[in-house]
Amino acid sequence: MTVGVLAYQNIGDVPVRAFWWEFSFPLVGVIVAASIVTLVIQRLVGLVVRWRRRRRRHDFEREVLKRRRKG
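With the numbering used here applied, the sequence shown corresponds to residues 30 to 100, in that order.
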């Protein structure tokens, strides 16, 4: 039971409104949590991709250096 629900019930408003009030808060919480999680995942994926690219480039440079030494 949230404060909003109690306030609506004390006024004597329609129970449907109190019911909606009860469900709107968890919904907002879920949406906010989901958006935060997606942001964090995007950041992590970006870091991993950047790190992989950097490593691949490094390996490529090493290969080039090996070939130059042989040649």
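Every residue gets a Cβ at the ideal spot worked out from N, C-alpha and C, and that includes glycine.
Exercise for the section: Please report how far the alpha carbon of Ser64 lies from the alpha carbon of Trp80, in whole angstroms. Expected result: As a first step, residue 64 is located in the sequence shown; it is residue number 35 there, counting from the start. As a first step, residue 80 is located in the sequence shown; it is residue number 51 there, counting from the start. For Ser64 and Trp80, the distance between alpha carbons rounds to 24 Å.
Handout entry: Rounded C-alpha distance that separates Arg84 from Glu90
Key = Residue mapping note: residue 84 aligns to position 55 of the sequence shown, counting from 1. Residue mapping note: residue 90 aligns to position 61 of the sequence shown, counting from 1. Whole-angstrom Cα-Cα distance: 10 Å.
Exercise for the section: Report all residues from its chain with a CB closer than 6 Å to the CB of Val59; omit the five preceding and five following residues, and keep chain order. Expected result: In the sequence shown, the residue the question calls residue 59 occupies position 30. Excluding positions up to five away in sequence, the list is empty.
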